[in-house]
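Asks: First residue of the sequence shown? That's 8 in the working numbering, and the numbers climb one at a time after it.
Yeah, the Cβ is synthetic: ideal placement off N, Cα and C, and Gly gets one too.
In this text the structure is predicted, and so the values were computed from the model without any measurement.
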Amino acid sequence: MSSATSTAHRRNIKFLGLTQNKPGNRNSRAKSCPAPGRTNPVGAVFNRAYPSPGPLVSGRIAIARPAQEKPMPTQQPNVLWIYGEDLSPDLGCYGTPAVQTPNIDRLAAEGTRYTNAFVTCPVCSPSRSALITGTYQTHFDAHNHRSNRDKPLRADMKLITDCFREAGYFTCNSPGPPYNRPGKTDFNFQRENPFDGVDWSERAEGQPFYAQINIPDTHRVFKPDSERPVSPDDVALPSYYPDYPLIRKDWALYLESIQILDRKVGQILKRLDDEGLADNTLIFFMSDHGRAHIRCKQFLYDGGIRIPLIVRWPGQIEAGNVSERLVSGVDFAPTTLALAGLNIPDFMQGQIFLGANASARDAIFAARDRCDGTDDRIRCIRTHRYKYIRNYHPERPYMQFNGYKKQQYPAWTLMPLLAEKGALSSAQQQFVQPMRPAEELYDIEVDAFEVNNLAGDERYASVREELSAQLDAWIEKTGDMGETPESTEVATSWDEHMAASFRQAMEKRGLSPDISDAEYVAWWEQQLLS
Numbered sequence: 008m009s010s011a012t013s014t015a016h017r018r019n020i021k022f023l024g025l026t027q028n029k030p031g032n033r034n035s036r037a038k039s040c041p042a043p044g045r046t047n048p049v050g051a052v053f054n055r056a057y058p059s060p061g062p063l064v065s066g067r068i069a070i071a072r073p074a075q076e077k078p079m080p081t082q083q084p085n086v087l088w089i090y091g092e093d094l095s096p097d098l099g100c101y102g103t104p105a106v107q108t109p110n111i112d113r114l115a116a117e118g119t120r121y122t123n124a125f126v127t128c129p130v131c132s133p134s135r136s137a138l139i140t141g142t143y144q145t146h147f148d149a150h151n152h153r154s155n156r157d158k159p160l161r162a163d164m165k166l167i168t169d170c171f172r173e174a175g176y177f178t179c180n181s182p183g184p185p186y187n188r189p190g191k192t193d194f195n196f197q198r199e200n201p202f203d204g205v206d207w208s209e210r211a212e213g214q215p216f217y218a219q220i221n222i223p224d225t226h227r228v229f230k231p232d233s234e235r236p237v238s239p240d241d242v243a244l245p246s247y248y249p250d251y252p253l254i255r256k257d258w259a260l261y262l263e264s265i266q267i268l269d270r271k272v273g274q275i276l277k278r279l280d281d282e283g284l285a286d287n288t289l290i291f292f293m294s295d296h297g298r299a300h301i302r303c304k305q306f307l308y309d310g311g312i313r314i315p316l317i318v319r320w321p322g323q324i325e326a327g328n329v330s331e332r333l334v335s336g337v338d339f340a341p342t343t344l345a346l347a348g349l350n351i352p353d354f355m356q357g358q359i360f361l362g363a364n365a366s367a368r369d370a371i372f373a374a375r376d377r378c379d380g381t382d383d384r385i386r387c388i389r390t391h392r393y394k395y396i397r398n399y400h401p402e403r404p405y406m407q408f409n410g411y412k413k414q415q416y417p418a419w420t421l422m423p424l425l426a427e428k429g430a431l432s433s434a435q436q437q438f439v440q441p442m443r444p445a446e447e448l449y450d451i452e453v454d455a456f457e458v459n460n461l462a463g464d465e466r467y468a469s470v471r472e473e474l475s476a477q478l479d480a481w482i483e484k485t486g487d488m489g490e491t492p493e494s495t496e497v498a499t500s501w502d503e504h505m506a507a508s509f510r511q512a513m514e515k516r517g518l519s520p521d522i523s524d525a526e527y528v529a530w531w532e533q534q535l536l537s
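So, in structure tokens, the structure goes:
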């Protein structure tokens, strides 16, 4: 073991506002090598700032099952992060009907599957900026979508790839088979050469690798699966969607794109087996945020921030385990470093969620700011039982104009049209209102789709107040920069850029940008249903 690793093992672990594992906390049964900790000078402050929620907020009590440590492997492990873009836990191993994902299901059967993993932002660039640094995007001015591309990362921060490179690893990134071009990065800072190459075949003989494979197929425009089409009749729609043929077909195409992604995961797993790398490769299967549907991507409901997470490491992580532990996107980097036996930089705000030094969260936090040309500011806290959302611009509708969604989401045009006809349920009608509430509170245990807002219910006043206070503490202690608006110049530039992009995309389709909703829905139906 290196001196740096040895030093790291002697450090105490104090993490951001969270409790250490103890009986009564939700605990993964996953087993792993001892992981290094780090001294965090703000750890004690955060522990005081986030008192453990009472039984009402914490939700049901789970029995903690102690993890059994396994010896640290003598060989440095390879590390592989597999991203499915814009992907919610809509997989066979998560119980989703209609979709077939045998390769991802195999990964889950051979590792630990997490049911409560969340990213810190429901759109790619802020989320990926947080994932690659282990730091909330709101802390280092990376919270507005595709912003600050001309500014370097803060001098006191580094990427997880820097940590692995300093430890002698080769770092690489591709979109998957055939591994012949760079994969998506999409960070909200300027960084030359965040990876050493495209594929681990480029590394020196015997050199360990940290690789990302960013599979794009689940990003719109969805690709139909000619090998196994999904019947729209078999789709299970969430209650916030009207049961309408166009919506069923669009959702079925999303599931088909997942099946295409799954086959690529199968190719990756086979390659690891064929090259004799599988047993010494730590795999994280994950997403950058939730599915590209209404009330999902770019929103702080679970559809936007809850993601699949499967971790496999043969011989080190228990196979076939399912964990209800709350996991945040900022936890991925420190956990990965710890499992690989590397030191965790002090600036990282995440915590270890797997291994001997794992600690349990009472809550996760997420933020949404400007997305494309749509200005907004939303914050949330999510416990096992409750979700509290704060809308800083309640005067704005949920369905503010967004050129990307208007161009790509059939439901974005269909929903207002159905509302005019009185064809939406009360839950569906909420999303097309001209304003939104300043606060939202949902009991996830009985309202998984988050449609029954309890914020105005006095029976839940203490829950709302407690979660609001915890959110305030997180905003203050993490240095949330969302209070400072972007410059008018930047906002105007994005408005103009997205309006022009929408206009060009519509004209390319032979459609007027000013097409009526009825005509646009008819076009969608011709494209998808005929």
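Would you call Asp379 buried or exposed, if buried means 16 or more other Cβ atoms sit within 10 Å of its Cβ?
Replies: Per the 10 Å Cβ criterion, buried.
Asks: Return the residue from the list Ala373, Lys428, Ser181 that minimises the CA-CA distance to Gln477.
Replies: Of Ala373, Lys428, Ser181, the residue nearest in Cα terms is Ala373.
Asks: Determine, using beta carbons only, whether Gln82 and Asn328 come nearer to each other than 8 angstroms.
Replies: No, these two residues do not count as a Cβ contact at 8 angstroms.
Asks: Can the beta-carbon of His300 be found closer than 8 angstroms to that of Tyr411?
Replies: Not in contact: His300 and Tyr411 (Cβ atoms no closer than 8 angstroms).
Asks: What does the Cβ neighbour count give for Gln435, buried or exposed, with the cut at 16 atoms within 10 Å?
Replies: Looking at its Cβ environment, which holds 16 or more other Cβ atoms inside 10 Å, Gln435 is buried.
Asks: For Val334, name the three-state secondary structure that DSSP assigns.
Replies: If DSSP states are grouped into helix, strand and coil, Val334 belongs with the strands.
Asks: Mind checking Met442: buried by the 16 CB within 10 Å criterion, or exposed?
Replies: Result: exposed.
Asks: Would you mind listing the beta strand (DSSP E) stretches within the stretch 342-429 that are 3+ residues and don't spill past its ends, in chain order?
Replies: Within the stretch 342-429, the complete beta strand (DSSP E) runs of at least 3 residues are 371-375, 385-389, 393-398.
Asks: On the three-state DSSP scale, how would you describe Ala340?
Replies: DSSP places Ala340 in helix when its eight states are reduced to three.
Asks: Relative to the C-alpha of Tyr217, which candidate in Pro249, Tyr186, Leu289 has its C-alpha closest?
Replies: When only C-alpha atoms are compared, the closest one is Leu289.
Asks: Considering Asn180, what are the terminal residues of the beta strand (DSSP E) in which it resides?
Replies: Per DSSP, Asn180 belongs to the beta strand (DSSP E) from 177-181.
Asks: How long is the line joining the alpha carbons of Arg510 and Phe229, rounded to whole angstroms?
Replies: Their Cα atoms are separated by approximately 21 angstroms.
Asks: Can you give me the C-alpha to C-alpha distance between Asp502 and Asn398, rounded to a whole angstrom?
Replies: The alpha-carbon atoms of Asp502 and Asn398 are separated by roughly 21 angstroms.
Asks: Compute the distance between the beta-carbons of Thr225 and Gly91, then report whether it is under 8 angstroms.
Replies: Yes.
Asks: Expressed to the nearest angstrom, what Euclidean distance is found between the alpha-carbon atoms of Asp521 and Ile451?
Replies: So the two alpha carbons sit approximately 39 angstroms from each other.
Asks: According to DSSP, what are the bridge partners of Phe291?
Replies: Note: Phe291 sits in a beta bridge opposite Trp88, Val318.
Asks: In whole angstroms, what separates the C-alpha of Gln533 from that of Ala512?
Replies: The straight-line gap from Cα to Cα measures roughly 17 angstroms.
Asks: Per the contact definition of three or more C-beta pairs closer than 8 angstroms, is the stretch 116-128 in contact with the stretch 156-164?
Replies: Output reads no: the stretch 116-128 does not touch the stretch 156-164.
Asks: Would you kindly work out how many angstroms separate the C-alpha atoms of Glu212 and Leu284, rounded to a whole number?
Replies: Approximately 13 angstroms between the Cα atoms of the pair.
Asks: With three or more beta-carbon pairs closer than 8 angstroms as the criterion, would you say the stretch 293-310 touches the stretch 244-259?
Replies: Short answer: they touch.
Asks: By the 10 Å Cβ neighbour count, where 16 or more other Cβ atoms means buried, how is Ser519 classified, buried or exposed?
Replies: Exposed: under 16 other Cβ atoms inside 10 Å.
Asks: Put Leu114 into one of helix, strand or coil per three-state DSSP.
Replies: Helix.
Asks: Within the 8 angstroms Cβ cut-off, does Asn409 reach chain D?
Replies: You won't find chain D in this structure, because it holds only one protein chain.
Asks: Which one or two residues does DSSP pair with Tyr121 in a beta bridge?
Replies: Bridge partners of Tyr121: Leu316, Ser330.
Asks: Please name the residue in Glu447, Gly463, Asp376 whose C-alpha comes closest to that of Ala149.
Replies: If we check each option's Cα against that of Ala149, Asp376 comes out closest.
Asks: Determine the direct distance from the alpha carbon of Ile385 to that of Ala370, and round the result to whole angstroms.
Replies: Rounded to whole angstroms, Ala370 to Ile385 spans 17 angstroms at the Cα level.
Asks: Where does Leu451 sit, in a helix, a strand or coil, going by DSSP?
Replies: What sits at residue 451 in the sequence shown is Ile, not Leu. Coil.
Asks: According to DSSP, which residues form a beta bridge with Ile222?
Replies: Ile222 is bridged to Gly91.
Asks: Is it a yes or a no for the stretch 484-498 touching the stretch 422-438, going by three-plus beta-carbon pairs under 8 angstroms?
Replies: These segments do not touch.
Asks: Since I believe Ile317 is in contact with Ala115 (beta carbons under 8 angstroms), could you give me their beta-carbon distance rounded to a whole number of angstroms?
Replies: About 5 angstroms; that satisfies the 8 angstroms criterion.
Asks: In the DSSP assignment, the alpha helix (DSSP H) including Val470 goes from what residue to what residue?
Replies: It spans 468-484 - the alpha helix (DSSP H) in which Val470 sits, taken as one unbroken run.
Asks: Count the other C-beta atoms from every protein chain shown that fall within 10 angstroms of the C-beta of Asn195, then say buried if there are 16 or more, exposed otherwise.
Replies: Its Cβ being crowded by 16 or more others within 10 Å, Asn195 is buried.
Asks: When you compare only the Cα positions, how much space is there between Arg392 and Glu473?
Replies: Whole-angstrom Cα-Cα distance: 13 angstroms.
Asks: Can you name the start and end residues of the alpha helix (DSSP H) that Ala136 belongs to?
Replies: It is Ser, not Ala, that sits at residue 136 in the sequence shown. Here the alpha helix (DSSP H) through Ser136 covers 131-140.
Asks: Tell me the residue span of the alpha helix (DSSP H) that contains Trp258.
Replies: Its alpha helix (DSSP H) spans residues 252-281.
Asks: Report yes or no: do the stretch 345-352 and the stretch 265-273 share at least 3 C-beta pairs separated by less than 8 angstroms?
Replies: No, because fewer than three Cβ pairs between the stretch 345-352 and the stretch 265-273 fall closer than 8 angstroms, the two stretches do not touch.
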